[in-house]
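Trainee: My questions will all concern the structure given below.
Residue numbers (my numbering), protein chains in the order written: chain A, 1082 to 1469; chain B, 23 to 283.
In C-alpha cells, the structure reads:
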C-alpha cells in the first residue's frame, strides 16, 4: 500500500535532464540495443576484473546502482513493475548476484596476482583445521537465524500475490511464466516452442551435467581464479549473465501487452501496433535475392526432384547454412582456434562440447540475424512442424 | 547463583540428561568432537574442517541456505496442507481464508518468498561451486546430483505456482506447459510427431502427448490441479530428499568442502 501511494503521488518532475535520461533508457530497452549493451558490459567487467573488484571501485559501482534504482523508483511506471510482488525476488536476485560475483572475482583477482608472484593462495594452508563445533556450527546457526528473520520480515512487509480466481476464458495480456523461466519465454520471440521450451532447456541441463567431464583443465580446483580457467569461466558467465539473467530482466521488466517492449519508464499500452513481418532464409534465397540480382527466376520451388520433396529443395539454402554451422564449423574450429581444446579433450568430448556450444550460441546468432535482417527461420518445414 | 548452579548440576547429572547427551558441555577438544559425532544431525559434518573452506567469503553459505529454505518450505508447506484443498471448487477460497481467518497468517507469504529465495540460493550455490572449480575431480558426480536438484527445485516452484488457482497461476502454468505440446516426437505439435502413425491413426494427439501426461487433460483444469498438488507435496519432495541425502553423503566421501589440492 505504501508503494501504491508512492506510485500515485511521488512522480518525478519530467523535465530537463531527468526526462532526457528516461527517454534514452526507454529507447534503449528494445532487445537489439539492450542485449548488446548488456553483453558488452559483461565482457568489459570480465576483462577488467582486477580493477573494478577493488573495494572502493566496487562500492562506487554499487552506490551508482542503488542511486539509479532509487531515482528510477520515483517514476510511477518503473515503480509499478519492480514492486509487483512476484517481481521483487528479481531485484533481490540481481543484488545478490552482483554481490557474490564481486566476492568471487575479488578473490580471483587476489589469487591470480598471488599465483603470478608465486605466493600461497587465499585458500592455502591445508594443515590448519578447525573443529566443526563451534566454528562451523555457529556460522550455520547465525546464517539460519538471519535467513529466518529476513524471510519473516519479507513475509510481513509483502503480501503474496493473489489475482482474481482462475478463468480459462479470460486470457491476461501478457501471459507470463514464473519469472525464473522468463529467459526461456523470451526465446519464444526467436524460436519455436520445441526449441525454446524443450530443446534449449534440455541442452542447458545436459551441458551442466557434462561440464565436469568436458573440462579437463586440472587447475583451479577448490579456489577462486580466473586466469587459470579463462575459457570455461567466459562461457559460463556468458550463458549465466547474458542468456539467463539479462533475458529474465528483459522478459519480466520490459515485456508488456502483446509481448511488445516497453521502456522502464513507459506505461503499458495494450493498443500499440504489433511488430513487423519476418522472413525465412528460403524467402531470401528464392525470392529476394533473385529479384535484386536477376541470377535466377524468383519464386519458391513447388515441385520436387525425383524422390526429393519440394519442401526440401525450398529449404535447401537454410539446411546448408545449418549444416555448415553444426557440422562444418566445428571441424574448422578444431583445426584453428579450438585446436588446443580438441587436443586436450579428444574426439568424443569435442562432439559433445560442440553440441552444447552450438545450441548455446545459436541463440545470440539468431537474435542478431533477427535484428539485422528480420530473419524468421533458417529452415521452415511446416509440414513436419520443424522450424529452426 | 549457587541455587541455579545446583539445579543445573542436578539436571545435567540426571539419568535423563545423560541418556540424551552422551558427552559433557562441549568445552574441550574431546567433548566438541563428541558433540558432532554423537548427534545424528550434526554428524553430517566431519569433526574438523579446513579453516579456509568454511569462510563465508568462500562458500557464501548458499548450499546451507538452500537446504535451510527447503526445510522451511517443508514445514510451512505441511502446515498449509491443513488449510488447502486441491479441488477447483475450494482451492481459491482456501487461499482467501488463509489470508483472512488464520491467526498470524504469514504461512503462505513465508512459503512463497521462501520458494523464490530457494531458487535464487541454489543458482548462487551453483555459481559458487562453478567459480571455485569445485565440480572438478573427484566431485564430478556430486555436481551432477546438484544439477538434478536444481532442476527439481525449479519444478517444485513451478508446480506450486498453480495451487492458488488464480489468474496468475493458471496462465503461468498454461504458458509453461504449452511447451510440452511441442516436444519432438512426444508432443502433438512437435516435430516428428506426425511420423508416429499406425496406419492413418496418429499416436500423438492432444489427448496422448507429453502435455497430456503433465496436465492429465488438454488444458489446465481440475486434473492438472490435483496432479500438480501431488507432485508438489509428495513426489518431488521425496525425490529431492533422497538426492539431498546422496549430495551430503558425497560431499563427505569426496573430501569435504573443496580447497586447493
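The beta carbon of each residue, even a glycine, is placed where N, CA and C say it ideally should be. Predicted, not measured: the structure shown is a model, and the values here were computed from it.
Under 8 Å, CB to CB, which of the residues in the segment 72 to 96 of chain B have a partner in chain A?
Mentor: Result list: 72, 73, 74, 75, 76, 78, 79, 80, 82, 83, 84, 86, 87, 90, 91 and 94.
Trainee: Got a sec? Which residues, its chain only, sit under 8 Å from residue 1430(A) by beta carbon, not counting five neighbours each side?
Mentor: Here the set comprises 1294, 1295 and 1297.
Trainee: Counting only beta-carbon atoms, is residue 117(B) nearer than 8 Å to chain A?
Mentor: Closer than 8 Å to some Cβ of chain A, the Cβ of residue 117(B) qualifies, so yes.
Trainee: Label residue 1276(A) either buried or exposed according to how many other C-beta atoms from any shown protein chain fall within 10 Å of its C-beta, with 16 as the threshold for buried.
Mentor: It is buried - the Cβ of residue 1276(A) has at least 16 other Cβ atoms within 10 Å.
Trainee: Go through its chain and collect everything with a Cβ distance to residue 278(B)'s Cβ below 8 Å, but skip five positions before and after it.
Mentor: Answer for residue 278(B): 68, 71, 72 and 75, listed in chain order.
Trainee: Where does residue 226(B) sit, in a helix, a strand or coil, going by DSSP?
Mentor: In the structure shown, residue 226(B) sits in coil (DSSP, three-state: anything other than H, G, I, E or B).
Trainee: Along the chain, where does the alpha helix (DSSP H) that runs through residue 1280(A) open and close?
Mentor: Note, residue 1280(A): premise wrong, no alpha helix (DSSP H); not H, not E.
Trainee: Roughly how many angstroms separate the alpha carbons of residue 240(B) and residue 227(B), rounded to a whole number?
Mentor: Looking at the two C-alpha atoms, the distance is approximately 10 Å.
Trainee: Using 8 Å as the threshold, is the C-beta distance between residue 1127(A) and residue 1318(A) below it?
Mentor: Taking 8 Å as the Cβ cut-off, residue 1127(A) and residue 1318(A) qualify as a contacting pair.
Trainee: Buried or exposed for residue 156(B), going by 16 or more other Cβ atoms inside 10 Å?
Mentor: Looking at its Cβ environment, which holds 16 or more other Cβ atoms inside 10 Å, residue 156(B) is buried.
Trainee: So, is residue 41(B) buried or exposed, given that buried needs 16 or more other C-beta atoms within 10 angstroms?
Mentor: By the neighbour-count rule (16 or more Cβ atoms within 10 Å), residue 41(B) is not buried but exposed.
Trainee: When the cut-off is 8 Å and only beta carbons count, does residue 200(B) lie next to chain A?
Mentor: Taking Cβ atoms only, chain A reaches closer than 8 Å to residue 200(B), which makes this a yes.
Trainee: Just how far apart, CA to CA, sit residue 1173(A) and residue 1179(A)?
Mentor: Cα to Cα, residue 1173(A) sits roughly 10 Å from residue 1179(A).
Trainee: Leaving aside the five residues before and after residue 1086(A) along the sequence, list all residues of the same chain whose C-beta is less than 6 Å from its C-beta, in chain order.
Mentor: Reliability fails at residue 1086(A), whose pLDDT of 42 lies under 50, so the model's placement of it is uncertain and the value that follows must be treated cautiously. Cβ neighbours of residue 1086(A) beyond the five flanking positions: none.
Trainee: With a floor of 4 residues, list each alpha helix (DSSP H) that falls wholly inside the segment 1173 to 1257 of chain A, ordered by position along the chain.
Mentor: Runs of the alpha helix (DSSP H) inside the segment 1173 to 1257 of chain A: 1218 to 1238.
Trainee: Alpha carbon to alpha carbon, what distance is there between residue 130(B) and residue 1408(A)?
Mentor: Going by the C-alpha atoms only, they are around 51 Å apart.
Trainee: Rounded to the nearest angstrom, how far is the Cβ of residue 204(B) from that of residue 1274(A), given a contact under 8 Å?
Mentor: Yes, residue 204(B) and residue 1274(A) are in contact; Cβ-Cβ is about 4 Å, under 8 Å.
Trainee: For residue 188(B), which of helix, strand or coil comes out of DSSP?
Mentor: Reduced to three states, the DSSP call for residue 188(B) is strand.
Trainee: Taking only three categories from DSSP, how would you classify residue 39(B)?
Mentor: Correct three-state label for residue 39(B): helix.
Trainee: Where does residue 57(B) land, buried or exposed, given buried means 16+ other C-beta within 10 angstroms?
Mentor: Answer is buried; the Cβ neighbour count reaches 16.
Trainee: Closer than 7 Å by C-beta to residue 1153(A): which residues in its own chain qualify, once you throw out the five before and the five after it? Chain order, please.
Mentor: Hits under 7 Å: 1159 and 1345.
Trainee: Of all Cβ atoms in chain B, is any one closer than 8 Å to the Cβ of residue 1261(A)?
Mentor: Cβ-Cβ to chain B under 8 Å: yes for residue 1261(A).
Trainee: Assign residue 1352(A) to one of two classes, buried (16 or more other C-beta atoms within 10 Å of its C-beta) or exposed (fewer than that).
Mentor: Exposed: under 16 other Cβ atoms inside 10 Å.
Trainee: Under 9 Å Cβ-Cβ, which residues of chain B neighbour residue 1209(A)?
Mentor: By Cβ distance, chain B contributes 72, 73 and 74.
Trainee: What whole-angstrom Cβ distance do residue 1247(A) and residue 191(B) have, given they're in contact under 8 Å?
Mentor: The Cβ separation is near 6 Å, so the contact holds.
Trainee: Given that residue 68(B) touches chain A, what residues does it touch there, using C-beta distances under 7 Å?
Mentor: Those are 1213, listed as they occur along chain A.
Trainee: Residues of the segment 251 to 271 of chain B in Cβ contact with chain D at a cutoff of 7 Å, in chain order, please.
Mentor: Among the protein chains of the structure shown, namely A and B, there is no chain D.
Trainee: Please check if any C-beta of chain B sits within less than 8 Å of the C-beta of residue 1302(A).
Mentor: Output row for residue 1302(A): interface = yes.
Trainee: Here's the rule I'm using: 16 or more other beta-carbon atoms within 10 Å means buried, otherwise exposed. How should residue 1082(A) be labelled?
Mentor: Only weak support is given to the placement of residue 1082(A): the predicted model assigns it a pLDDT of 39, under 50, and the value that follows is read from those uncertain coordinates. Exposed is the call here.
Trainee: Residue range of the beta strand (DSSP E) that residue 1105(A) falls in?
Mentor: Careful: residue 1105(A) lies outside any beta strand (DSSP E), inside the alpha helix (DSSP H) at 1097 to 1108.
Trainee: Take residue 164(B) and list the residues in its own chain whose beta-carbon comes closer than 7 Å to its own, dropping the five residues that flank it on each side.
Mentor: So the qualifying residues of the chain are 269, 272, 273 and 276.
Trainee: Give the C-beta separation of residue 187(B) and residue 113(B) to the nearest angstrom, bearing in mind that I take them to be a contact with Cβ-Cβ under 8 Å.
Mentor: Going by Cβ atoms, the distance from residue 187(B) to residue 113(B) rounds to 4 Å, so yes, they are a contact pair.
Trainee: Tell me whether the beta-carbon of residue 1363(A) lies closer than 8 Å to the beta-carbon of residue 1388(A).
Mentor: In this structure, residue 1388(A) does not lie closer than 8 Å to residue 1363(A) by Cβ.
Trainee: For residue 146(B), return the contacting residues in chain A, with the cut-off set at a CB-CB distance below 8 Å.
Mentor: Those are 1177, 1178 and 1181, listed as they occur along chain A.
Trainee: Considering just the uninterrupted stretch of the alpha helix (DSSP H) at residue 274(B), what are its terminal residues?
Mentor: Its alpha helix (DSSP H) spans residues 258 to 275.
Trainee: What residues of chain A sit near residue 102(B), judged by a beta carbon separation below 7 Å?
Mentor: Going along chain A, no residue has its Cβ under 7 Å from residue 102(B), so there is no contact; the nearest lies around 11 Å.
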